[in-house]
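To keep things clear, I will list the structure first and then write my remarks on it.
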Amino acid sequence: MVLKFETKWEIPYVHSAGEHGTKFFEALKDKKIMGVKCPECGRVLIPPRAFCERCFVDTADWVEVSDEGEVVTVTVTYIKFTGLPDPPYATGIVKLDGADTGMLCLLGGIDLSDWKKVHETFKPGARVRAVWKEEREGKITDILYFEPVEG
Amino acid sequence: MKVGIVGIGITDFKIHDEPFYNVAYVAAKKAMEDAEIERREIDSFILGGYDNLGVGRTISNMYVAPAAGGYLRHEIRVSEDAAFALPLAYMRVKSGLSDVAIVLGFGHSSETPVELVELQSLDPLFHRDLKLSLQMGYAMQSYVYRNSFNVSEEDTAKVVVKDRKNALKNEYSFLKESISVEEVINSDMAVYPLRRPEIAQWCDGCVAFILAEETTAKRINPDPIWIKGLGWTYDNYFMGTRDLSKLFATAKAAEMAYGMANLKPSDIEAAEIMDLTSDYHFMILEALGFAEYGKGKELIDSDFPVNKSGGALCTNAYGSTGAFLLANLALQIREGEIEKGIAHAMTGIGQNAAIAILSS
Ligand SMILES: [Zn+2]
Numbered sequence: 008m009v010l011k012f013e014t015k016w017e018i019p020y021v022h023s024a025g026e027h028g029t030k031f032f033e034a035l036k037d038k039k040i041m042g043v044k045c046p047e048c049g050r051v052l053i054p055p056r057a058f059c060e061r062c063f064v065d066t067a068d069w070v071e072v073s074d075e076g077e078v079v080t081v082t083v084t085y086i087k088f089t090g091l092p093d094p095p096y097a098t099g100i101v102k103l104d105g106a107d108t109g110m111l112c113l114l115g116g117i118d119l120s121d122w123k124k125v126h127e128t129f130k131p132g133a134r135v136r137a138v139w140k141e142e143r144e145g146k147i148t149d150i151l152y153f154e155p156v157e158g
Numbered sequence: 181m182k183v184g185i186v187g188i189g190i191t192d193f194k195i196h197d198e199p200f201y202n203v204a205y206v207a208a209k210k211a212m213e214d215a216e217i218e219r220r221e222i223d224s225f226i227l228g229g230y231d232n233l234g235v236g237r238t239i240s241n242m243y244v245a246p247a248a249g250g251y252l253r254h255e256i257r258v259s260e261d262a263a264f265a266l267p268l269a270y271m272r273v274k275s276g277l278s279d280v281a282i283v284l285g286f287g288h289s290s291e292t293p294v295e296l297v298e299l300q301s302l303d304p305l306f307h308r309d310l311k312l313s314l315q316m317g318y319a320m321q322s323y324v325y326r327n328s329f330n331v332s333e334e335d336t337a338k339v340v341v342k343d344r345k346n347a348l349k350n351e352y353s354f355l356k357e358s359i360s361v362e363e364v365i366n367s368d369m370a371v372y373p374l375r376r377p378e379i380a381q382w383c384d385g386c387v388a389f390i391l392a393e394e395t396t397a398k399r400i401n402p403d404p405i406w407i408k409g410l411g412w413t414y415d416n417y418f419m420g421t422r423d424l425s426k427l428f429a430t431a432k433a434a435e436m437a438y439g440m441a442n443l444k445p446s447d448i449e450a451a452e453i454m455d456l457t458s459d460y461h462f463m464i465l466e467a468l469g470f471a472e473y474g475k476g477k478e479l480i481d482s483d484f485p486v487n488k489s490g491g492a493l494c495t496n497a498y499g500s501t502g503a504f505l506l507a508n509l510a511l512q513i514r515e516g517e518i519e520k521g522i523a524h525a526m527t528g529i530g531q532n533a534a535i536a537i538l539s540s
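In the order they appear, the protein sequences are chains Y and W.
Sequential numbering of the first sequence, starting at 8, is according to this note's numbering.
Sequential numbering of the second sequence, starting at 181, is according to this note's numbering.
Shown next as structure tokens:
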């Protein structure tokens, strides 16, 4: 039998969003999702970044992309992880119309307790749209989740 | 000049009551006993494992360097699965800067909320609020893989059955419970589309290797296990930019290792792979060149030995899983079961890979 001690790290950081992050988060307040275009490969990148890592050049023009797109992948957890929310919750990757990269996001708007239903609803290629927070504050959480587009 | 493994130390893989540095000490001692050398003969101390958040202490080398026998000597650490530390030790020896090196890998999951720790590796502004656990990241790849290549639940269940069967015969493996395909398919959905037995469970354990340059190696051990090829690389951090149906980093790292060894997949007689999920088992075999993309499942009934150790699905200590698999491969060569084999390690959400090709 050995003794056990609980310890904790609580360390407040102050992170800079940088020029690109700032523009992206400010736009969220107006329900706009902004990407940035690489002048060399022409891809519209989300999240926006100062340089295209593939081409190693500065990114150039800002492009507003849609808040609708299609599901690339999804998962739902039914088990609880220490320090993470109570299950079930779903995350996925959505490729927004007008963007060339997928965006990591929460998925919802349906009963997540039934994984068969999740699978039926969020099949690869299924159409989804952003559900925005009423009082937006310029954070990624301004998008509550993506929900299925009917029809 | 070749570089060989002349000593291997593996501790029990279980939930340890002792702190990680005491377990690491046991591994280092065992490796030195195995090589029949004294610690003063070692001139490079290479440490591998997840320090800082991973063990809840910064400068974890303060603990692990003495455990490696490197008291007041120089040490360097690789904050990754310890399999990623092997190339560094190899380079020290190969360059002639070192005659005998130790790689000490520590893996300790039981004290750490690993998912919460791994969440901190996500971008604090764009991604961390999405509360993605490591296993959810794995599962997002499984979903794409299964949909892209029509892989069934029976196919992935067979991986669990096979790994579990092998683990029963391996004295070092953690999970020793046989299971049937039906039991896998009927078990609870854990992280969709993965059921509980399809996801590796956490445990603790440490591994150490003693490496030596050719002449010294032969003096220490008449039959060293030679390091023929090494490869390592990484994929894009942004999951939305990757092709999730394939393991790019594993494929690139393998290419590098095969190139160095001047060998091809058909020359390899056995593989130890870090299958953190059942789907990864197939995806890794494909990326290593043993099957075409989408056809990894065809290997499940073949006689090509994969994960004689039981794989990561049966032994997964955060920080030493890859080193555990590497050690198991080395032992298969030492026992004369095979002459050439490949060991694979993978971290993050499949973004990082390290490969080693060993031979007798
Ligand atoms: Zn570009």
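From the three backbone atoms N, C-alpha and C, an ideal C-beta is built for every residue, glycine too.
Inter-residue spacing [alpha-carbon to alpha-carbon] between residue i and residue j
i                      : j                      : result
residue 261 of chain W : residue 189 of chain W : 16 Å
residue 393 of chain W : residue 401 of chain W : 11 Å
residue 395 of chain W : residue 60 of chain Y  : 44 Å
residue 250 of chain W : residue 223 of chain W : 9 Å
residue 370 of chain W : residue 253 of chain W : 46 Å
residue 306 of chain W : residue 181 of chain W : 48 Å
residue 76 of chain Y  : residue 134 of chain Y : 6 Å
residue 248 of chain W : residue 208 of chain W : 5 Å
residue 212 of chain W : residue 343 of chain W : 30 Å
residue 461 of chain W : residue 494 of chain W : 12 Å
residue 96 of chain Y  : residue 315 of chain W : 13 Å
residue 537 of chain W : residue 509 of chain W : 9 Å
residue 45 of chain Y  : residue 127 of chain Y : 35 Å
residue 112 of chain Y : residue 20 of chain Y  : 23 Å
residue 425 of chain W : residue 330 of chain W : 12 Å
residue 325 of chain W : residue 9 of chain Y   : 44 Å
First through last residue of the alpha helix (DSSP H) which encompasses residue i
i                      : result
residue 336 of chain W : 333-348
residue 372 of chain W : Premise fails: residue 372 of chain W lies in the beta strand (DSSP E), 369-372, not in any alpha helix (DSSP H).
residue 487 of chain W : Residue 487 of chain W -> no alpha helix (DSSP H), and no H or E assigned at all.
residue 322 of chain W : 314-329
residue 396 of chain W : 394-400
residue 246 of chain W : 241-247
residue 69 of chain Y  : It is not in any alpha helix (DSSP H) - residue 69 of chain Y instead sits in the beta strand (DSSP E) that spans 69-72.
residue 501 of chain W : 501-514
residue 202 of chain W : 200-215
residue 363 of chain W : 361-365
Delimiting residues of the beta strand (DSSP E) encompassing residue i
i                      : result
residue 79 of chain Y  : 75-84
residue 288 of chain W : 280-288
residue 155 of chain Y : 150-155
residue 524 of chain W : 520-527
Residue i (DSSP reduced to helix, strand or coil)
i                      : result
residue 479 of chain W : helix
residue 27 of chain Y  : helix
residue 220 of chain W : helix
residue 461 of chain W : helix
residue 59 of chain Y  : strand
residue 136 of chain Y : strand
residue 48 of chain Y  : coil
residue 474 of chain W : coil
residue 438 of chain W : helix
residue 385 of chain W : strand
residue 405 of chain W : strand
residue 128 of chain Y : helix
residue 16 of chain Y  : coil
residue 93 of chain Y  : coil
residue 415 of chain W : coil
residue 180 of chain W : Any answer about residue 180 of chain W is impossible in this case: the structure gives chain W only from 181 up to 540.
residue 469 of chain W : coil
residue 294 of chain W : helix
residue 252 of chain W : coil
residue 375 of chain W : strand
Heavy atom of ligand 1 within 8 Å of residue i beta-carbon
i                      : result
residue 59 of chain Y  : yes
residue 386 of chain W : no
residue 383 of chain W : no
residue 50 of chain Y  : yes
residue 62 of chain Y  : yes
residue 47 of chain Y  : yes
Any non-hydrogen atom of ligand 2 within 8 Å of residue i CB
i                      : result
residue 112 of chain Y : In the structure on display, ligand 2 does not appear, and the ligands it does have are ligand 1.
Checklist entry - Using a beta-carbon distance cut-off of less than 7 Å, what residues from the region 119-140 of chain Y approach chain B? => result In summary, chain B is missing from the structure at hand, where the protein chains are Y and W.
Checklist entry - Hey, is the region 273-283 of chain W in contact with the region 509-519 of chain W, meaning 3+ C-beta pairs nearer than 8 Å? => result no
Item to check | Any 3 or more C-beta pairs closer than 8 Å across the region 101-114 of chain Y and the region 42-56 of chain Y | outcome: yes
Item to check | Stretch pair the region 315-330 of chain W + the region 370-389 of chain W: three plus CB contacts closer than 8 Å | outcome: yes
Item to check | Meets three-Cβ-pair contact criterion under 8 Å: the region 232-239 of chain W and the region 281-293 of chain W | outcome: yes
Next on the checklist: Across the region 412-421 of chain W and the region 442-449 of chain W, are there enough close Cβ pairs to call them in contact, namely three or more that are closer than 8 Å?
Outcome noted: no
Next on the checklist: If contact is defined by three or more beta carbon pairs under 8 Å, each pair taking one atom from either stretch, is the region 73-91 of chain Y in contact with the region 404-413 of chain W?
Outcome noted: no
Item to check | Stretch-stretch touch, CB-based, cutoff 8 Å, three pairs: the region 380-392 of chain W with the region 147-158 of chain Y | outcome: no
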